[in-house]
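Just so we're aligned, residue -9 is where the sequence shown starts under the numbering used here, counting upward by one.
The block underneath contains the structure these notes are about, expressed in structure tokens.
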Amino acid sequence: MNEAQGTNLDPWYSHYAERTAGLSASEVRALFAVASRPEVVSLAGGMPYVSALPQELIAGAVERTVRDHGAVALQYGSGQGTPRLREQILDVMALEGIRASVDDVVVTTGSQHALELMSKLFLDPGDVVIAEGPSYVTALTVFRSFQAEVVHTAMDADGLVPQALRETIARVRAEGRRIKLLYTVPSFQNPMGVTLSWQRRMEVLEIARDNDILVLEDNPYGLLYFDQAPPQAMRSVDEEGVVYLGTFSKTLAPGLRVGWAVAPHAIREKLVLANEAAILSPSSFAQTVISEYLSTADWRGQIDVFRGVYRERRDAMLSALAEQLPSLSWTVPNGGFYVWLSLPEHLDSKAMLPRAVKELVAYTPGTAFYSDGGGRNAMRLSFCYPTPDFIREGIRRLATVINGELALLSEFSQTGPLTVQPTREGVLPPNVG
Ligand SMILES: Cc1ncc(COP(=O)(O)O)c(C=O)c1O
């Protein structure tokens, strides 16, 4: 038992299980508290813009769920999910080239829950998960909560770098450690916004096969492309070596909390058992609402609407960056929610955050997306939620902060540390550390 598992202000701190050591409030969580004030332009969270969803579509689906399917929708259901929704999920996945059978699909409480179930099935303390560097923050939290170690592997503008992956695997193996999963978000990655090319998808699958590593393909954003669709899902060409995760959170609404996993037969059986052990059955009500929505609304047209909304916001962010911060570099996403901004080497995005919040703009520091302290001079900027005008204003404020930091640093290099440090540390709000 160690101090990291709790503080002695909590009378139970010495009782927590060791696996809770990684459950400290993430930067993203702390940020939500500060950045949710209305005067702050938050480029921090990844909340879908659900206002673009016509309310009557959902209201109608809810009404029919109660009226026509109440006896089933208000009851416990199958631990694998309703056959009707699983059948409809096949149509959704067909858009990304995936052919599967209804039996292959397990419905979960969002894809976050599928990450938890997969971790429960595969990770023992000390096991290694290889993940993109940077990687989705709450996946890292889940892997760590099963006492696995996340080892990052490098990315570039085309996603995971295959040669770097080979080297990472060889290094981890040489240290005598056991690799259980390769976790990847191949399309419009969270947090970088980049997409793994088709050729690299094939290479990565081959590397995983050669090394007997199960691929965990997490794909919340693949249908939210702006110009060209991303390459087909990795699961479309490898049924045995990939567990695929999908969700209705970004193409419909996260409040419904419905996602799914598609897994090879034996893994799927275990996923269902783990699902039952955790929650008995996924929400019959939410599944029926989604089934009603999918069977009556133009859901493909609605995804087009979301694409249009996010494309306009992406464009607003990219043009504001080009205007306000022309000397920096950033990724150019062709879909999804995120831009990854690289800062000059000597700037620290986490240390700079209090000043940004003071200037009424928030972002997520790059370090949130690494398990090993990486990402210090980078940040994730989300364009999914604020309107284009707010995005432009947010980037203008961010530029003020970054340019101010650069000016301080140049003053620092001329006059020495004493004139600079109080200014940098003095504005830390209580819950941002
Ligand atoms: C890469 C990734 N995986 C999983 C999730 C969790 O999504 P869900 O709402 O389906 O649990 C998110 C949410 O932002 C995400 O970005």
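Think of the CB as a built atom: it goes at the ideal place given N, C-alpha and C, for glycine as much as any other residue.
Neighbouring residues (CB closer than 5 Å to any heavy atom of ligand 1): G36, G100, S101, Q102, Y126, V175, N180, D208, P210, T237, S239, P244 and G249
One or two residues paired with E139 in a DSSP bridge: Here residue 139 refers to the residue found at position 149 when the sequence shown is read from its first residue. Answer is V118.
For P115, the nearest candidate out of Y234, R190 and R167 (CA to CA): Counting from 1 along the sequence shown, the entry for residue 115 is found at position 125. The shortest C-alpha separation from P115 is found at R167.
Run of the alpha helix (DSSP H) containing W330, from where it starts to where it stops: As a working note, residue 330 is residue 340 in the sequence shown. From DSSP, W330 is part of no alpha helix (DSSP H) but of the beta strand (DSSP E) over Y328 to S332.
Reduced DSSP category for R366 - H, G, I as helix; E, B as strand; rest coil: Residue numbering aside, residue 366 sits at position 376 when the sequence shown is read from its first letter. Coil, per DSSP.
Cutoff 7 Å: P38 Cβ touching any chain B Cβ: As a matter of chain content, chain B is missing from the structure shown, which is built from one protein chain.
Contact check, S339 vs P355, beta carbons under 7 Å: Your numbering for residue 339 matches position 349 in the sequence shown. Your numbering for residue 355 matches position 365 in the sequence shown. Closer than 7 Å, so yes.
Per-residue burial, G231 [other beta carbons within 10 Å of its own, 16 or more giving buried]: Position 241 of the sequence shown, counted from the start, is the residue given in the question as residue 231. When all chains shown are included, G231 counts as buried.
For L150 and V194, believed in contact at Cβ under 8 Å, the rounded distance: The count along the sequence shown starts at 1 and reaches residue 194 at position 204. The count along the sequence shown starts at 1 and reaches residue 150 at position 160. Yes, V194 and L150 are in contact; Cβ-Cβ is about 6 Å, under 8 Å.
Coarse secondary structure for A223, derived from DSSP in three states: Position 233 of the sequence shown, counted from the start, is the residue given in the question as residue 223. The answer is coil: DSSP assigns A223 none of H, G, I, E or B.
Inside the region 227 to 258 only - alpha helix (DSSP H) runs reaching at least 4 residues: none
Close beta carbons around L235, own chain, < 6 Å, minus the five adjacent residues each side: On the sequence shown, position 245 is the one that residue 235 refers to. Closer than 6 Å at Cβ, skipping near neighbours: S101, A104, D208 and A251.
Among R156, L246, A84 and K348, nearest to S281 - alpha-carbon criterion: As a working mapping, residue 281 is identified with position 291 in the sequence shown. Nearest option by C-alpha distance: L246.
Beta-carbon gap between L388 and E29 smaller than 7 Å: Locating residue 388 in the sequence shown gives position 398, counting from the first residue. Locating residue 29 in the sequence shown gives position 39, counting from the first residue. Contact flag unset, no.
Alpha helix (DSSP H) segment containing Y283, residue limits: If you number the sequence shown from 1, residue 283 lands on position 293. S274 to T286 is the extent of the alpha helix (DSSP H) around Y283.
Whole-number beta carbon distance between G87 and A223, since they are thought to touch under 8 Å: In the sequence shown, residue 223 corresponds to position 233, counting from 1. In the sequence shown, residue 87 corresponds to position 97, counting from 1. 6 Å between Cβ atoms; contact.
Strand pairing of G325, partner residues [DSSP]: Counting from 1 along the sequence shown, the entry for residue 325 is found at position 335. G325 pairs with Y215.
Local Cβ density within 10 Å of A276, reported as buried at 16 or more and exposed below that: Counting from 1 along the sequence shown, the entry for residue 276 is found at position 286. Its Cβ being crowded by 16 or more others within 10 Å, A276 is buried.
Own chain residues within Cβ distance below 7 Å of P210, not counting five before or after: Looking up residue 210 in the sequence shown gives position 220. Taken in chain order, the residues that qualify are S101, T237, S239 and K240.
Reduced DSSP secondary structure (H/G/I, E/B, other) of A397: Residue 397 sits at position 407 when you count from the first residue of the sequence shown. Note: A397 maps to helix in three-state DSSP.
Secondary structure, beta strand (DSSP E): runs of 3+ residues fully inside the region 63 to 139: 95 to 98 and 118 to 123
Contacting residues, own chain, Cβ-Cβ under 6 Å from L315 (five flanking each side not counted): Along the sequence shown, read from residue 1 onward, the residue named residue 315 stands at position 325. Contacts found: A389.
Per-residue DSSP class, three states only, for M145: One-based indexing of the sequence shown puts residue 145 at position 155. Residue state, collapsed to three classes: strand.
Nearest to I381 (by Cα), restricted to the options L43, F133 and Y300: Working through the sequence shown from its first residue, we reach residue 381 at position 391. Measuring from the Cα of I381, the nearest candidate turns out to be Y300.
Nearest candidate by alpha-carbon position, reference R9, set V96, A49 and F136: Sequence index remark: in the sequence shown, residue 9 carries index 19 (1-based). Residue F136 is the option with its Cα nearest to R9.
Whether A253 touches L261 by CB criterion (7 Å): Numbered from its first residue, the sequence shown carries residue 253 at position 263. Numbered from its first residue, the sequence shown carries residue 261 at position 271. Yes; because the gap between Cβ atoms is below 7 Å, this pair is in contact.
V52, DSSP secondary structure in three states: Indexing the sequence shown from 1 puts residue 52 at position 62. Correct three-state label for V52: helix.
Residue span of the alpha helix (DSSP H) that contains L155, given as start and end: Here residue 155 corresponds to residue number 165 of the sequence shown, with the count starting at 1. P152 to A164 is the extent of the alpha helix (DSSP H) around L155.
First and last residue of the uninterrupted beta strand (DSSP E) at D208: Translated into positions along the sequence shown, residue 208 becomes position 218. Looking at the DSSP string, the run of the beta strand (DSSP E) that includes D208 is L204 to D208.
P181 vs W330 beta-carbon contact at 7 Å: Numbered from 1 along the sequence shown, position 191 holds the residue referred to as residue 181. Numbered from 1 along the sequence shown, position 340 holds the residue referred to as residue 330. Yes, Cβ-Cβ distance for P181 and W330 is below 7 Å.
Element boundaries [beta strand (DSSP E), containing L172]: For the purposes of this step, residue 172 is taken as the residue at position 182 of the sequence shown. Note, L172: beta strand (DSSP E), I169 to T174.
Three-way DSSP call (helix, strand, coil) for N(-8) in this model: Here residue -8 refers to the residue found at position 2 of the sequence shown. Note that N(-8) scores 46 on pLDDT, short of 50, meaning its location in the model is unreliable; the coordinates nonetheless yield the value given after this. Coil, per DSSP.
Secondary structure of L13, DSSP reduced to three states: By 1-based counting over the sequence shown, the position of residue 13 is 23. The answer is coil: DSSP assigns L13 none of H, G, I, E or B.
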